[in-house]
Amino acid sequence: MNKRIERIQKELKKRSLDAILISSSSHIAYLTGYGGFSDIEREAFMFISLQNALLFTDRRYLGALAHVKPTISLKEISLKNPLSKHVGGILRSLNAQRVGIEKEHVTVEEYENLNLSSVAIPHSILADLRQIKTKEEIALLQKACDLTDKAYARLLSYVKPGISEKELAAKLEYWIKKQGADVAFPPIIAFGKNSATPHHKTGDQRLAIKDHVLIDFGVRYQLYCSDMTRVVFVGKPSDEQKRMYQTVHDAGQKALDFLSSDHQSVQASRVDDVARRYIISKGYPSIPHSLGHGVGIEVHESPRISPVSKDILKQGMVFTIEPGIYDRKLGGVRIEDVVVLEKKGPSIITHSPKSLTIL
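All residue numbers for the sequence shown refer to the working numbering, where the first residue is 5 and numbers rise by one.
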């Protein structure tokens, strides 16, 4: 964790900032290794200046955070006082003239109460640093993906007519937690036409013969997340379903091939465009979502791989590639993998089979 604090302090110098206020729970997890805070209740915040790093929280969490000392100083705060009161006092004591804030993680009310308009400088220091993963982070992501592959293989034995979407999701969650991990997000289990909704809410529908099953889930292992989607068929798919599946499969491969040929520093929007254009060329509507997103401590983080993304994909980034086609009559198909951009090119670290599977 010392190195991460040092990297931030170097960025402060580069950007002529006296300090930064960190209020995002995922950023705090990145800096402390502790992922138990909630953004909803604003249970903690950090201040990092050129001289020190301070973490403010209430007494419930002091024991769990003892490991961060002495790199990070722990300061107990009272739940009776709002964030703005604590931060305002700290700012006055530091006499900070230029303070970086994460504008996407501070509410309008907090911003106004803090009275930061004269000193606040929006920044993305943490988001930028988190985009490039270390070897240690990639190893944790690989472990999460390995558990994902094992969970998926086990889950297929339960995909039988009569089971409900919720029952299948419960079996998945139970197995993952039994391995000492957690789900990265509530699994999306969609049967038949339900799969036409990209982010279907797993429900009570029961699996029927000739349905297909979309399975989108992730594992969180020691804070780091995976995210994978597969589609399997219960009974023989129609020719059009086969064509849809193959088109999605090939679109993902086209994006990876493009990355392989030009991977040193490529615009994320160009990768999205390759897959999107291919799907359209086959007579299907454009993908109704981005082609991919970064994964790490959060299951959705930078970089963004979309038509409007300004992000540049670089070595050390970890992200998903997830093209999809959705039809109200036929249902939907999405195939998603986690990819590490290495010096030699993209490397897929989710290894579950992607060939058309009939159960």
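Cβ coordinates follow ideal geometry from the N, Cα and C atoms, glycine included. On a predicted model such as this, the values are computed, not experimentally measured, just so you know.
Does the Cβ of Gly67 have 16 or more other Cβ atoms within 10 Å, making it buried, or fewer, making it exposed?
-> Translated into positions along the sequence shown, residue 67 becomes position 63. With fewer than 16 Cβ atoms within 10 Å of its Cβ, Gly67 is classed as exposed.
Beta-carbon proximity of Ile353 to Tyr34, cut-off 8 Å = Here residue 353 refers to the residue found at position 349 when the sequence shown is read from its first residue. Here residue 34 refers to the residue found at position 30 when the sequence shown is read from its first residue. No. Outside cutoff.
Nearest CA to the CA of Lys175: which residue from Lys214, Phe221, Asp150?
-> Your numbering for residue 175 matches position 171 in the sequence shown. Taking only the C-alpha atoms, the option nearest Lys175 is Phe221.
Do you know how far the Cα of Gln55 is from the Cα of Gly296?
-> The residue labelled residue 296 in the question sits at position 292 within the sequence shown. The residue labelled residue 55 in the question sits at position 51 within the sequence shown. When rounded, the distance between both Cα atoms is 38 Å.
Mapping DSSP to helix, strand and coil, what is Asp277?
-> Taking the sequence shown and counting its residues from 1, one reaches residue 277 at position 273. Correct three-state label for Asp277: helix.
Kindly give me the distance between the Cβ atoms of Ser306 and Ala57, rounded to whole angstroms, as I take these residues to be in contact under 8 Å.
-> Within the sequence shown, residue 306 is the residue found at index 302, counting from 1. Within the sequence shown, residue 57 is the residue found at index 53, counting from 1. Their Cβ separation, rounded to whole angstroms, is 22 Å, which puts Ser306 and Ala57 out of contact at 8 Å.
Within the chosen definition, does the stretch 318-327 reach the stretch 341-348 through at least 3 CB pairs nearer than 8 Å?
-> Result yes; three or more Cβ-Cβ pairs closer than 8 Å.
Please list, in chain order, all residues of the same chain as Asp231 whose beta carbon is under 6 Å from its beta carbon, the five residues on each side excluded.
-> Looking up residue 231 in the sequence shown gives position 227. Excluding sequence neighbours, Asp231 sits near Gly222, Val299, Val303, Thr324.
What residue from Ser199, Gly184, Ala157 has the CA that sits closest to Glu169's CA?
-> Locating residue 169 in the sequence shown gives position 165, counting from the first residue. Comparing Cα positions, the closest option is Ser199.
Put Arg96 into one of helix, strand or coil per three-state DSSP.
-> Counting from 1 along the sequence shown, the entry for residue 96 is found at position 92. Reduced to three states, the DSSP call for Arg96 is helix.
Starting from the Cα of Ile309, find the closest Cα among Tyr282, Asp277, Ile284, Gly336 and give me that residue.
-> For the purposes of this step, residue 309 is identified with residue 305 of the sequence shown, where counting begins at 1. Checked all of Tyr282, Asp277, Ile284, Gly336; the closest Cα to Ile309 is Asp277.
Among Asp186, Tyr38, Lys197, nearest to Arg210 - alpha-carbon criterion = On the sequence shown, position 206 is the one that residue 210 refers to. The option with the nearest alpha carbon to Arg210 is Lys197.
Apart from the five residues just before and just after Met248, which ones in its own chain have a Cβ nearer than 8 Å to its Cβ?
-> Your numbering for residue 248 matches position 244 in the sequence shown. Taken in chain order, the residues that qualify are Tyr288, Ile329, Asp331, Leu334, Val337.
Kindly list the residues whose CB is nearer than 8 Å to the CB of Ile9, restricted to its own chain and excluding five residues on each side of it in sequence; keep chain order.
-> By one-based count along the sequence shown, residue 9 stands at place 5. The answer, listed in chain order, is Leu35, Ile52, Ala57, Thr75, Ile76.
Which word fits Thr233, buried or exposed, when buried means at least 16 other C-beta atoms lie within 10 angstroms of its C-beta?
-> Position 229 of the sequence shown, counted from the first residue, corresponds to residue 233. Counting Cβ neighbours within 10 Å, Thr233 comes out buried, since at least 16 surround it.
Where Gly196 falls: helix, strand or coil (DSSP) | Looking up residue 196 in the sequence shown gives position 192. Of the three classes helix, strand and coil, the one that applies to Gly196 here is helix, per DSSP.
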